[in-house]
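Asker: Structure incoming, see below.
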Amino acid sequence: MPLEIITLPCLSDNYAYLLHDAKSGQTALVDAPEAAAVKSALSTRGWGLDAILLTHHHYDHIDGVDELRRSYGAKVYGAKPDTHRLPPLDHALDYGARFELFGEEVQVLDVSGHTIGHIAFFLPESQAVFTADSLMALGCGRLFEGTPDMMWDSLNRLMALPPQTMVYSGHEYTQSNARFAVTIEPDNAALQLRVDEITKKRAKGEATVPSRLQLELDTNPFLRANLDKVKSAIGMEDAENADVFAEIRHRKDTF
């Protein structure tokens with residue numbers, strides 16, 4: 009059975025995720041922006057916490073780890089190349105590693121770019137990928153540490169996943185990402201429909217994540233830098249895909 013996945017708002021605009029296995033009663037957390045919201049969600053459901061999976065070292069993804077580990081004895085998983093700036097890890101994971109979580113395989117993907125050492129967790133059985141600040145709903149993370157080529161390679165790894173995969177990203181940035189996306193592809197009908205849906209959801213205070221990978225492929229400008237129509241739209245018809253991505257990222261940074 010696929011895991012039950014709970015989207016958990018944290019801080020002002022972060023998301024963490026609870027992964028619960030009904031058969032064993034075990035629960036994991038992807039990223040720990042804060043302890044209070046996680047503990048409240050666990051208490052409401054009567055769940056413990058057995059594992060914490062970390063995507064990258066930024067404070068708004070790890071600040072709750074120490075308190076949650078003390079309270080529940082959860083084992084912490086994170087990227088081996090980033091151990092020097094993550095909380096102490098019980099399981100240091102290499103890029104490309106696979107491990108079992110509550111009987112389900114988890115694949116560790118290198119999605120460096122936003123940071124060096126950023127990883128994503130892909131669960132084929134649950135058809136879910138946890139991307140934090142790499143691939144985001146209608147966007148991608150700023151390149152604080154990596155290069156455009158690096159991030160484009162990372163996004164291509166994610167684009168190669170099955171299109172029905174649900175993308176669980178790290179922040180509620182979708183509405184602002186949508187305002188930018190329409191400047192790149194104002195005539196994209198799928199994007200226009202998505203913008204309307206996002207507007208309605210946010211008006212009701214609803215989360216816009218997760219999103220289906222196919223929807224990102226159809227509407228997210230950062231995943232469409234390889235398309236002739238996008239290259240033409242920004243006047244880069246003969247440019248390499250990574251260079252087009254870099255230009256789109258630059259435009260978003262100054263938007």
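Here the sequence shown is numbered in our numbering, starting from 9 and rising by one per residue.
The C-beta atom is built at its ideal place from N, Cα and C for all residues, glycine as well.
#1: Using CA atoms only, rank isn't needed, just tell me which of Gln115, Thr35, Tyr181 is closest to Ala82.
#2: In this structure, how does DSSP classify His179 when only helix, strand and coil are distinguished?
#3: Could you give the residue range of the alpha helix (DSSP H) that holds Phe129?
#4: Do you know how far the Cα of Pro41 is from the Cα of Ser264?
#5: Nearest to Arg78 by alpha carbon, out of His64, His66, Tyr103, Lys47?
#6: With distances taken Cα to Cα, identify the nearest neighbour of Met144 among Leu131, Thr155, Glu75, Gly121.
#7: When the Cα atoms are used, what is the spatial distance from Asp157 to Ser142?
#8: So for Met159, helix, strand or coil by DSSP?
#9: Could you please give the first and the last residue of the uninterrupted beta strand (DSSP E) stretch that includes Phe138?
#10: Could you compute how far the alpha carbon of His64 sits from the alpha carbon of Asn164?
#11: DSSP three-state call for Ala87: helix, strand or coil?
#12: Taking only the alpha-carbon atoms, compute the straight-line gap between Thr139 and Gln115 and give it to the nearest angstrom.
#13: Any idea what DSSP makes of Asp118, helix, strand or coil?
#14: Ser51: buried (16+ other C-beta within 10 angstroms of its C-beta) or exposed?
#15: Does the segment 196–208 come close enough to the segment 161–175 to have 3 or more Cβ pairs within less than 8 Å?
#16: Whole alpha helix (DSSP H) runs in the segment 52–109 with 4 or more residues, listed along the chain?
#17: Using only alpha-carbon positions, find the residue among Asp29, His99, Glu153 that is nearest to Glu112.
#18: Taking the DSSP output, what are the residues bridged to Ser219?
#19: What's the gap between the Cα of Arg232 and the Cα of Cys18?
#20: Of the residues Leu62, Asp195, Cys148, which one's Cα is nearest the Cα of Ala100?
#21: Compare the Cα-Cα distances from Ile242 to each of Pro10, Pro194, Leu146, Gly125 and report the closest residue.
#22: Would you mind sorting Arg257 into buried or exposed? The rule is 16 or more other CB atoms within 10 Å of its CB.
#23: Do Asn228 and Asn249 come within 8 Å of each other at the CB atom, strictly closer than that value?
Answerer: A quick look at the data gives this:
#1: Thr35
#2: strand
#3: Looking at the DSSP string, Phe129 is not in any alpha helix (DSSP H); the run it does join, the beta strand (DSSP E), is 127–131.
#4: Absent from the structure is residue 264, since the part of the chain shown begins at 9 and ends at 263.
#5: Lys47
#6: Gly121
#7: 13 Å
#8: helix
#9: 136–140
#10: 19 Å
#11: strand
#12: 12 Å
#13: strand
#14: exposed
#15: no
#16: 67–70, 73–80
#17: Asp29
#18: Val175
#19: 30 Å
#20: Leu62
#21: Pro194
#22: buried
#23: no
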